[in-house]
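Position in the sequence shown (first residue = 1) + 332 = our numbering. Here's the structure, in structure tokens; my notes come after.
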Amino acid sequence: MISEHVAGHDLLGAYLKDRRTKLDPAAFGFSSKRRRTPGLRREEVAQRANISPAWYTWLEQGRGGAPSADVLDRIASALMLTNVEREHLFLLGLGRPPEVHYQANEGVTPRLQRVLDALNPSPALIRTATWDVVAWNQAATVMLVDYGSLPPAQRNVLRFMFLDPRARAAQYDWESVARFVVGAFRVDVARAGAATAVSDLVDELCRLSPEFGAMWRNNNVHAHGEGVKHIRHPVLGPLSFEYSVFAVDGRTDLSMVVYNPATQADVDRISSAMAAAPALDLT
């Protein structure tokens with residue numbers, strides 16, 4: 333355990349030194365003259381982070397105890413680290429990622445949309461941590477709901493589940509599915525640090541749906557990584573899917589949900605329905 337502890341501090345020190353020496357002093361208002369080594373000096377990083385130069389020096393040298401999250405946050409700001417670099421700093425310094433501060437980002441890239449389109453005839457969508465649907469493919473439109481026909485503010489999974497009668501009609505056991513959805517939503521919101529961002533939505537749903545209010549107050553949580561989903565399609569009848577939820581790398585605010593048809597017969601029926609539907613511009 334001691335060797336692991338020392339090794340961790342050594343890695344942290346090496347990472348800090350590497351980031352420090354790659355910075356341009358002039359960009360931070362420091363003189364570039366009389367510097368024996370590239371980048372910022374240790375005392376300059378300490379000044380920007382508002383910590384003692386001795387403490388910062390010890391961190392680079394792998395000495396002393398573990399830094400606090402506050403110190404790492406200030407060092408990350410001082411070194412102008414990206415979100416990925418900041419996360420790596422915390423993993424080296426504390427063995428865990430930093431606390432999440434939710435930041436909503438609208439839309440997806442054309443490349444990500446093409447990934448969704450390539451998954452047809454498997455319905456697939458991308459949702460935010462607050463479960464707003466921001467992208468989808470044609471199979472999702474045919475099988476789940478035509479998100480393009482809804483105003484952007486209404487493209488929310490929970491709103492659809494609790495306020496749209498089509499959601500009830502599609503489920504064999506709506507109450508059980510709804511409880512699971514609320515529990516999985518609660519986990520995603522907490523993981524993303526988005527409690528404040530969803531407060532208006534939760535208040536609205538509590539007001540408009542007593543069932544949601546009761547389920548929300550139960551405080552149940554559920555994992556939502558993968559599972560099986562059965563629906564009653566209004567035209568095609570019963571359909572079964574195996575679903576999986578994937579994180580979108582570099583976009584902590586987004587996740588991709590893919591519903592793979594469980595049988596070849598389901599694949600064929602979905603493909604036929606897509607062929608019969610008009611071409612859709614989902615970008």
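Built from N, CA and C at the ideal position, the CB exists for glycine as well.
Cutoff 8 Å; reference P570; Cβ partners in own chain excluding five residues on either side: As a position in the sequence shown, residue 570 is number 238, starting the count at 1. Around P570: H562, I563 and R564.
Between the CA atoms of T584 and A410 - distance to the nearest angstrom: For the purposes of this step, residue 410 is identified with residue 78 of the sequence shown, where counting begins at 1. For the purposes of this step, residue 584 is identified with residue 252 of the sequence shown, where counting begins at 1. If you take the alpha carbons of A410 and T584, they lie about 23 Å apart.
Beta-carbon contacts of A555 that lie in its chain and below 8 Å, excluding the five residues immediately before and after: Position 223 of the sequence shown holds residue 555. These residues qualify, in order along the chain: A516 and V519.
Exposure of T595, with buried meaning 16 or more beta-carbon neighbours within 10 Å: Against the sequence shown, residue 595 aligns to sequence position 263. Counting of Cβ neighbours within 10 angstroms places T595 among the exposed residues, the total staying below 16.
Residues near A461 by beta carbon distance below 7 Å, same chain, minus five either side: In the sequence shown, counting from the first residue as 1, residue 461 sits at position 129. So the list reads Y434, D520, V521, A524, A526 and D585, once near-sequence residues are dropped.
For M412, the nearest candidate out of R352, R549, E507 and P442 (CA to CA): Indexing the sequence shown from 1 puts residue 412 at position 80. When each option's Cα is compared against that of M412, the closest is R352.
Spatial neighbours of P429 in its chain, beta-carbon cut-off 6 Å, leaving aside the 5 residues before and after: Counting from 1 along the sequence shown, the entry for residue 429 is found at position 97. Closer than 6 Å at the Cβ level, and outside the excluded window around P429, lie E419 and F422.
Local Cβ density within 10 Å of P566, reported as buried at 16 or more and exposed below that: One-based indexing of the sequence shown puts residue 566 at position 234. Result: exposed.
Cβ neighbours of N552 in the same chain (closer than 8 Å, five flanking residues each side left out): By 1-based counting over the sequence shown, the position of residue 552 is 220. Counting only Cβ-Cβ distances below 8 Å, and skipping sequence neighbours, we find R511, V514, G515 and R518.
Cα-Cα separation between Y479 and L372, rounded to whole angstroms: Counting from 1 along the sequence shown, the entry for residue 479 is found at position 147. Counting from 1 along the sequence shown, the entry for residue 372 is found at position 40. One C-alpha to the other measures close to 51 Å.
Straight-line gap, V466 to G345 (C-alpha atoms, nearest Å): One-based indexing of the sequence shown puts residue 466 at position 134. One-based indexing of the sequence shown puts residue 345 at position 13. Those two C-alpha atoms are separated by around 41 Å.
Buried or exposed (CB count within 10 angstroms, at least 16 for buried), L528: Along the sequence shown, one-based indexing puts residue 528 at 196. Reading the sequence as shown, one finds Thr at residue 528 and not Leu. That one is exposed.
Alpha helix (DSSP H) runs contained entirely in the segment 339-424, provided each spans 4 or more residues: The alpha helix (DSSP H) runs lying completely inside the segment 339-424 and spanning 4 residues or more are 374-381, 385-392 and 401-410, given in chain order.
Span separating the alpha-carbon of N415 from that of E543: Here residue 415 refers to the residue found at position 83 when the sequence shown is read from its first residue. Here residue 543 refers to the residue found at position 211 when the sequence shown is read from its first residue. Cα to Cα, N415 sits roughly 39 Å from E543.
One or two residues paired with S587 in a DSSP bridge: In the sequence shown, residue 587 corresponds to position 255, counting from 1. Answer by DSSP bridge pairing, in chain order: R459 and A579.
Residue range of the unbroken alpha helix (DSSP H) whose run includes R428: Working through the sequence shown from its first residue, we reach residue 428 at position 96. First-last for R428: undefined, no H or E at that position.
Alpha-carbon to alpha-carbon, T441 and S541: Taking the sequence shown and counting its residues from 1, the one referred to as residue 541 is at position 209. Taking the sequence shown and counting its residues from 1, the one referred to as residue 441 is at position 109. Counting only the Cα atoms, T441 lies some 34 Å from S541.
Best match in R500, A502, N488 and D496 for proximity to V534 [C-alpha to C-alpha]: To locate residue 534, count along the sequence shown from 1; it is residue 202. It is N488.
Beta-carbon proximity of P453 to P593, cut-off 9 Å: Here residue 453 corresponds to residue number 121 of the sequence shown, with the count starting at 1. Here residue 593 corresponds to residue number 261 of the sequence shown, with the count starting at 1. P593 is positioned such that its CB atom lies closer than 9 Å to that of P453.
Bounding residues of the beta strand (DSSP E) (the contiguous stretch that carries A467): As a first step, residue 467 must be located in the sequence shown, where it is residue number 135. Residues V465 to W468.
Residues bridged to N488 [DSSP beta-bridge criterion]: Residue 488 sits at position 156 when you count from the first residue of the sequence shown. BP columns for N488 point to D464.
Burial state of P399 (16 or more Cβ within 10 Å): Here the question's residue 399 lines up with position 67 in the sequence shown. Per the 10 Å Cβ criterion, buried.
Which of helix, strand or coil DSSP assigns to S335: Translated into the one-based positions of the sequence shown, residue 335 becomes position 3. A caution first: S335 carries a pLDDT of 42, below 50, which makes its placement in the model unreliable, though a value can still be read off. Residue state, collapsed to three classes: helix.
Counterpart residues of H279 in DSSP-defined beta bridges: With the chain covering only 333 through 615, there is no way to say anything about residue 279.
Cβ neighbours of L391 in the same chain (closer than 7 Å, five flanking residues each side left out): Residue 391 sits at position 59 when you count from the first residue of the sequence shown. Here the set comprises L344, G345, L348 and P399.
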